[in-house]
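*Asks:* Residue numbers (our numbering): 219 to 486.
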Amino acid sequence: MIQPPTDPAAAPPAPRGTFLPLAKPLVLIPTYNEKDNVQRAVTGVRAAVPQADVLVLDDNSPDGTGALADEIAAGDPRVFVRHRAGKEGLGKAYLDGFGWAARHGYDAVVEMDADGSHRAADLPALLAAADHADVAIGSRWVPGGSVVNWPLHRKVLSVGANTYTRLLLDMPVRDATAGFRAYRLSALDAMGLRGVESQGYCFQIDLTWRAVRAGLVVLEVPITFVEREVGTSKMSSDIIAEALRNVTLWGLGHRASQAIRAVRGLRR
Numbered sequence: 219m220i221q222p223p224t225d226p227a228a229a230p231p232a233p234r235g236t237f238l239p240l241a242k243p244l245v246l247i248p249t250y251n252e253k254d255n256v257q258r259a260v261t262g263v264r265a266a267v268p269q270a271d272v273l274v275l276d277d278n279s280p281d282g283t284g285a286l287a288d289e290i291a292a293g294d295p296r297v298f299v300r301h302r303a304g305k306e307g308l309g310k311a312y313l314d315g316f317g318w319a320a321r322h323g324y325d326a327v328v329e330m331d332a333d334g335s336h337r338a339a340d341l342p343a344l345l346a347a348a349d350h351a352d353v354a355i356g357s358r359w360v361p362g363g364s365v366v367n368w369p370l371h372r373k374v375l376s377v378g379a380n381t382y383t384r385l386l387l388d389m390p391v392r393d394a395t396a397g398f399r400a401y402r403l404s405a406l407d408a409m410g411l412r413g414v415e416s417q418g419y420c421f422q423i424d425l426t427w428r429a430v431r432a433g434l435v436v437l438e439v440p441i442t443f444v445e446r447e448v449g450t451s452k453m454s455s456d457i458i459a460e461a462l463r464n465v466t467l468w469g470l471g472h473r474a475s476q477a478i479r480a481v482r483g484l485r486r
């Protein structure tokens with residue numbers, strides 16, 4: 219059963235005060251049949267932010283992505299590979315990566331696609347923003363953000379989904395579905411990730427709303443999103459339907475809670 223984001227009152231206290239500069243970031247790159255892209259993705263990250271380590275999260279890709287990632291890691295001590303049992307979806311891969319990062323002492327994680335849509339050139343700006351925030355989101359829909367090689371229907375879908383989410387959940391984030399983002403590990407603790415089962419677009423919305431509800435500092439950084447040139451998109455009608463269903467349910471719950479609080483206020 220899909221559970222709504224945890225009530226922040228039940229989560230650990232959100233970080234407060236001056237943010238310390240990030241000292242040990244880890245870039246998470248989930249893969250499934252990305253053999254033609256993983257080398258470029260890892261090389262781009264290592265060149266753009268040499269101080270960051272990379273963890274490839276491979277869901278037992280039948281095309282040999284995992285084996286190629288092992289070869290890359292063998293030649294670079296700052297690249298690691300986690301072989302997962304099978305294709306379980308983006309959300310579970312990232313949750314696995316969050317846990318790995320926590321166990322190995324990292325202070326921040328970056329979510330990044332392997333297909334080239336998230337440019338390594340935008341990583342320094344994203345991490346610079348994370349020096350002053352709990353969550354930094356690489357946003358397509360803030361001033362300065364853009365998309366390249368997207369057909370009109372993809373733009374309409376993304377803008378529409380984000381507008382619907384923002385209005386229904388009262389969430390001041392313009393690109394809640396963005397998959398290029400950085401989290402401090404302390405922020406993930408404060409958000410309360412127990413019960414997260416969302417995938418795809420909905421996973422990103424779920425975590426964004428948890429961050430906002432927990433009172434964390436969320437900054438959006440303009441990026442250029444580039445449609446993949448090689449391989450097949452993992453977007454599907456099931457992923458879209460999951461996001462629409464869950465956001466609607468969460469939104470109705472949110473509005474109901476607002477109404478209840480308003481009624482209680484009138485009775486006082």
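Glycine included, every Cβ here is placed at the ideal spot set by N, Cα and C. Nothing here was measured: the structure is a model prediction, and the numbers come from that model.
Alpha carbon to alpha carbon, how far is Ala320 from Lys310?
*Replies:* Counting from one through the sequence shown, the residue named residue 320 turns up at place 102. Counting from one through the sequence shown, the residue named residue 310 turns up at place 92. Answer to the nearest angstrom: the Cα atoms are 15 Å apart.
*Asks:* Given 8 Å as the limit, is there contact between the region 353-365 and the region 455-468, that is, 3 or more CB pairs closer than that?
*Replies:* In short, these stretches do not touch, since the Cβ pair count stays below three.
*Asks:* State the start and end residues of the unbroken alpha helix (DSSP H) segment that holds Val374.
*Replies:* Translated into positions along the sequence shown, residue 374 becomes position 156. Counting along the chain, the alpha helix (DSSP H) containing Val374 begins and ends at Leu370 to Leu387.
*Asks:* Which residues in the same chain as Cys420 place their Cβ atom closer than 6 Å to its Cβ, once the five residues preceding and following it in sequence are excluded?
*Replies:* Counting from one through the sequence shown, the residue named residue 420 turns up at place 202. Glu460, Ala461 and Asn464, listed in sequence order.
*Asks:* Let me know the beta strand (DSSP E) ranges lying completely inside the region 245-312, each 3 residues or longer, listed in chain order.
*Replies:* Listed in chain order, the complete beta strand (DSSP E) runs (minimum 3 residues) inside the region 245-312 are 271-276 and 297-301.
*Asks:* Along the chain, where does the beta strand (DSSP E) containing Tyr357 start, and where does it finish?
*Replies:* Walking along the sequence shown from the start, residue 357 turns up at place 139. What sits at residue 357 in the sequence shown is Ser, not Tyr. Element bounds for Ser357: Val353 to Ser357.
*Asks:* Do Ala400 and Pro239 have their CB atoms nearer than 9 Å?
*Replies:* Looking up residue 400 in the sequence shown gives position 182. Looking up residue 239 in the sequence shown gives position 21. No. Outside cutoff.
*Asks:* I need the straight-line Cα distance from Glu252 to Ala480, nearest angstrom please.
*Replies:* Indexing the sequence shown from 1 puts residue 252 at position 34. Indexing the sequence shown from 1 puts residue 480 at position 262. The alpha-carbon atoms of Glu252 and Ala480 are separated by roughly 50 Å.
*Asks:* So who's on the other strand from Tyr401, going by DSSP bridges?
*Replies:* Along the sequence shown, read from residue 1 onward, the residue named residue 401 stands at position 183. DSSP lists Val327 and Val353 as partners of Tyr401.
*Asks:* Can you find the residues in the same chain that come closer than 7 Å, C-beta to C-beta, to Thr383, ignoring five residues on each side of it along the sequence?
*Replies:* Within the sequence shown, the letter at position 165 stands for residue 383. The answer, listed in chain order, is Met389, Ala394, Ile423 and Val465.
*Asks:* Confirm, please, whether the CB-CB distance from Val444 to Asn380 is below 9 Å.
*Replies:* To locate residue 380, count along the sequence shown from 1; it is residue 162. To locate residue 444, count along the sequence shown from 1; it is residue 226. For Asn380 and Val444, no; Cβs fall outside 9 Å.
*Asks:* Please report the distance separating the alpha-carbon of Phe298 from that of Asp325.
*Replies:* As a working note, residue 298 is residue 80 in the sequence shown. As a working note, residue 325 is residue 107 in the sequence shown. Going from the Cα of Phe298 to the Cα of Asp325 covers about 17 Å.
*Asks:* Expressed to the nearest angstrom, what Euclidean distance is found between the alpha-carbon atoms of Arg264 and Ala347?
*Replies:* For the purposes of this step, residue 264 is identified with residue 46 of the sequence shown, where counting begins at 1. For the purposes of this step, residue 347 is identified with residue 129 of the sequence shown, where counting begins at 1. Their Cα atoms are separated by approximately 19 Å.
*Asks:* Taking only the alpha-carbon atoms, compute the straight-line gap between Ala303 and Arg431 and give it to the nearest angstrom.
*Replies:* Residue mapping note: residue 303 aligns to position 85 of the sequence shown, counting from 1. Residue mapping note: residue 431 aligns to position 213 of the sequence shown, counting from 1. Straight-line Cα distance between these residues: approximately 33 Å.
*Asks:* Starting from Thr395 and walking both ways along the alpha helix (DSSP H), at which residues does that stretch end?
*Replies:* On the sequence shown, residue 395 is found 177 positions in, with the first residue counted as 1. From DSSP, Thr395 is part of no alpha helix (DSSP H); its letter is neither H nor E.
*Asks:* Just how far apart, CA to CA, sit Gly469 and Ser475?
*Replies:* Position 251 of the sequence shown, counted from the first residue, corresponds to residue 469. Position 257 of the sequence shown, counted from the first residue, corresponds to residue 475. Distance between the alpha carbons of Gly469 and Ser475 is about 10 Å.
*Asks:* Check whether the Cβ atoms of Leu345 and Val328 sit closer than 9 Å, and answer yes or no.
*Replies:* Taking the sequence shown and counting its residues from 1, one reaches residue 345 at position 127. Taking the sequence shown and counting its residues from 1, one reaches residue 328 at position 110. Going by C-beta atoms, Leu345 is nearer than 9 Å to Val328.
*Asks:* Expressed to the nearest angstrom, what Euclidean distance is found between the alpha-carbon atoms of Met409 and Leu425?
*Replies:* Stepping through the sequence shown from its first residue, residue 409 is reached at position 191. Stepping through the sequence shown from its first residue, residue 425 is reached at position 207. Using only the alpha carbons, I get a separation of about 8 Å.
*Asks:* For Val439 and Ala292, which I take to be in contact (beta-carbon distance under 8 Å), what is that distance rounded to the nearest angstrom?
*Replies:* By one-based count along the sequence shown, residue 439 stands at place 221. By one-based count along the sequence shown, residue 292 stands at place 74. That belief does not hold up - the Cβ atoms of Val439 and Ala292 are roughly 33 Å apart, past 8 Å.
*Asks:* Quick one: what's Ser364 bridged to in DSSP?
*Replies:* For the purposes of this step, residue 364 is identified with residue 146 of the sequence shown, where counting begins at 1. Its beta-bridge partners are Thr442.
*Asks:* Give the single residue among Leu286, Val353 and Asp314 whose Cα lies nearest to the Cα of Arg402.
*Replies:* The sequence position of residue 402 within the sequence shown is 184, counting from 1. Answer by Cα proximity: Val353.
*Asks:* What first and last residue would you give for the alpha helix (DSSP H) that runs through Ser455?
*Replies:* In the sequence shown, residue 455 corresponds to position 237, counting from 1. Here the alpha helix (DSSP H) through Ser455 covers Ser455 to Arg485.
*Asks:* Can you give me the start and stop residues for the alpha helix (DSSP H) that Ala343 sits inside?
*Replies:* Your numbering for residue 343 matches position 125 in the sequence shown. Per DSSP, Ala343 belongs to the alpha helix (DSSP H) from Leu341 to Ala348.
*Asks:* Exposed or buried, which one is Ala339 when buried takes at least 16 other CB atoms within 10 Å?
*Replies:* Counting from one through the sequence shown, the residue named residue 339 turns up at place 121. By the 10 Å Cβ count, Ala339 comes out exposed.
*Asks:* Does the beta-carbon distance from Tyr250 to Asp276 come in below 9 Å?
*Replies:* The count along the sequence shown starts at 1 and reaches residue 250 at position 32. The count along the sequence shown starts at 1 and reaches residue 276 at position 58. In this structure, Asp276 lies closer than 9 Å to Tyr250 by Cβ.
*Asks:* On a Cα-Cα basis, can you pick out the residue from Ser416, Val391 and Gln269 that is closest to Pro361?
*Replies:* As a working mapping, residue 361 is identified with position 143 in the sequence shown. Closest option to Pro361, Cα to Cα, is Val391.
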